[in-house]
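In what follows, a single structure is set out as structure tokens and then discussed.
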Amino acid sequence: MSKRAVLLLAHGTPNTVDEVPEYLRNVVSGRPMPQHVVEEIQHRYALIGEPKGHSPLTELTIEQGELLATALGEPVYVGMRNWRPYIADVVKRMRTDGVTEVAAICLAPQNSRTSVGLYRRAALAEAAGMRVDFTEDWAEEPLLADAFADRLRVALDQVKAETGERAQVLFTAHSVPCRTIQVPAVSVDQPILWPTLKQDAEGAPSVDPYPVEAKTTAALVAARVPEAAGWCFAFQSQGASGGPWIGPSVEATLDAMAVRGVKAVVLQPIGFLCDHVEILYDIDIAFREYAANLGMTLTRPESLNGSPILTKALVKLARASFARLDAGSSTVFSGVYETKGRARIS
């Protein structure tokens with residue numbers, strides 16, 4: 434008899450400042466990282482959380498899983514790509530618990546090879562004997578837009594009540610290196626492996642959908658909030674690794690707003706589903722200070738965290754995933770990654 438469960442996948446975060454170096458090694462797959470970069474990240478963690486130095490991402494993601502389990506009536510597991518509980522360990526525990534069918538949902542709604550593709554690889558690598566349905570992206574899910582819009586309305590109303598100003602809305606998503614969204618060179622006779630590259634109808638590598646999907650989510654949220662008319666978009670939290678990252682950056686966008694005479698900004702990140710360092714430091718501290726130096730106030734809506742509408746969205750995604758499993762459209766994984774007509778040994 435089959436036993437099914439949901440697997441929520443998230444980025445992960447260290448629990449203390451002292452764990453930051455090990456965490457960063459996971460993020461960059463063990464590549465050397467300059468000591469000044471490690472110290473800067475430690476400094477940022479030291480300024481957030483309660484107690485100080487603690488990111489709430491893990492606890493909030495587990496809470497989101499508990500809310501989903503209650504609403505769905507099915508067991509929900511949570512695995513992290515870069516920290517404990519690691520995805521591999523969680524999938525092994527699921528197998529020990531007798532789970533045979535998995536609805537895997539990545540808590541990064543906008544698909545990118547640098548995020549969703551890596552989560553998928555980590556989950557499937559340990560899924561021997563399980564039938565897995567992996568939700569590739571859900572950037573256009575109406576309930577996701579509803580959840581963000583619900584938070585945005587409150588923030589805009591609060592700014593209007595406190596200042597009398599109509600705030601400019603700035604949507605953001607996490608930046609990625611430019612090289613990760615460009616189509617790599619592939620020889621004619623070289624196999625194209627999924628999920629390393631997405632493919633078009635002819636099997637050729639396609640452009641990474643992430644930038645378009647991020648802006649699509651923002652547009653869907655803005656369409657639900659008339660006060661967001663004239664909204665802007667920027668990519669935040671560019672990394673310190675070599676090479677350019679996609680933009681425009683938040684700082685450059687705030688500079689342009691200041692030139693236009695904007696006095697109040699409500700910044701809403703639409704790629705993050707709960708509080709963590711890129712919200713609690715990058716937005717609440719760094720961007721707020723940057724805006725203040727330009728003569729602007731910058732606030733943000735409450736993060737989704739335990740949003741009931743987000744829970745409804747996850748329930749909808751999980752049920753659709755289980756329906757595909759029931760229809761037999763998913764694959765039994767036996768230590769191989771499935772490709773379009775090929776198999777790659779893991």
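Numbers in my numbering are just positions in the sequence shown, counted from 1, shifted up by 433. From the three backbone atoms N, C-alpha and C, an ideal C-beta is built for every residue, glycine too.
Just to confirm, is the Cβ distance from residue i to residue j under 8 Å?
| i | j | result |
| --- | --- | --- |
| I474 | V453 | yes |
| A536 | V439 | yes |
| A443 | L540 | yes |
| E492 | L589 | no |
| Y714 | I481 | yes |
| V654 | L585 | yes |
| V511 | P518 | yes |
| V742 | A580 | Sequence check: residue 742 is Ile here, not Val. Yes, they are a contact pair. |
| E569 | V587 | no |
| V470 | A689 | no |
| Q497 | G739 | yes |
Would you grab the beta carbon distance between residue i and residue j for me? Rounded to a whole angstrom, and I think it's under 8 Å.
| i | j | result |
| --- | --- | --- |
| L603 | A667 | 6 Å |
| A572 | P542 | 5 Å |
| L750 | I495 | So it is not a contact: roughly 18 Å between Cβ atoms. |
| L490 | C707 | 6 Å |
| D641 | R546 | 5 Å |
| P710 | Y478 | It is worth fixing the name first, because residue 710 is Val in this sequence and not Pro. Correct: roughly 6 Å between the Cβ atoms. |
| A753 | L576 | That belief does not hold up - the Cβ atoms of A753 and L576 are roughly 12 Å apart, past 8 Å. |
| R612 | G676 | 6 Å |
Relative to the C-alpha of residue i, which candidate in the options has its C-alpha closest?
| i | options | result |
| --- | --- | --- |
| G486 | G512, M466, P447 | P447 |
| F755 | Q497, G498, V565 | V565 |
| A561 | T533, G445, Q671, L576 | T533 |
| L501 | P659, V748, L713, E646 | V748 |
| R733 | P741, A724, G739 | A724 |
| S670 | P642, Y643, A719 | A719 |
| G728 | G672, D715, V698, C707 | V698 |
| Y552 | G445, A606, Y456 | G445 |
| K593 | A689, L731, G482, D451 | L731 |
| G597 | I712, K696, D579 | K696 |
| A600 | A760, R437, V450, A691 | A691 |
| H476 | Q497, L758, N515, V450 | V450 |
| W516 | P467, I614, E455 | E455 |
| K648 | S608, A673, T613 | S608 |
| A651 | D579, I703, E472, L687 | I703 |
| E574 | H709, E646, G694 | E646 |
| L441 | M527, R458, E483, Q468 | M527 |
| D530 | G506, I712, D759, R437 | R437 |
| R643 | A760, D759, G680 | Arg is not the amino acid found at residue 643; the sequence shown has Tyr there. Of A760, D759, G680, the residue nearest in Cα terms is G680. |
| S488 | G761, N726, E735, I712 | I712 |
| M513 | D717, N459, A578 | N459 |
| M434 | M563, G694, I716 | M563 |
| R757 | P465, P484, F567, T744 | F567 |
| A578 | G463, F705, R464, G761 | F705 |
| D522 | E507, E559, N544, G506 | E559 |
| Q615 | W678, Q468, P484 | W678 |
| P610 | L557, A656, S682 | S682 |
Any idea which residues DSSP pairs residue i with across the strands?
| i | result |
| --- | --- |
| I538 | L441, T568 |
| H607 | Q669 |
| P702 | T605 |
| A502 | DSSP, once it has assigned bridges, lists no residue as partnering A502. |
| L687 | None, per the DSSP bridge assignment. |
| T650 | Answer by DSSP bridge pairing: none, since T650 is not bridged. |
| S682 | F668 |
| A697 | T730 |
| I512 | Note that residue 512 is Gly in the sequence shown here, rather than Ile. Looking at the DSSP assignment, G512 forms a beta bridge with L442. |
| Y519 | M513 |
Does any C-beta atom of chain B lie closer than 8 Å to the C-beta of residue i?
| i | result |
| --- | --- |
| F755 | Although the question refers to chain B, the structure presented lacks it and comprises just one protein chain. |
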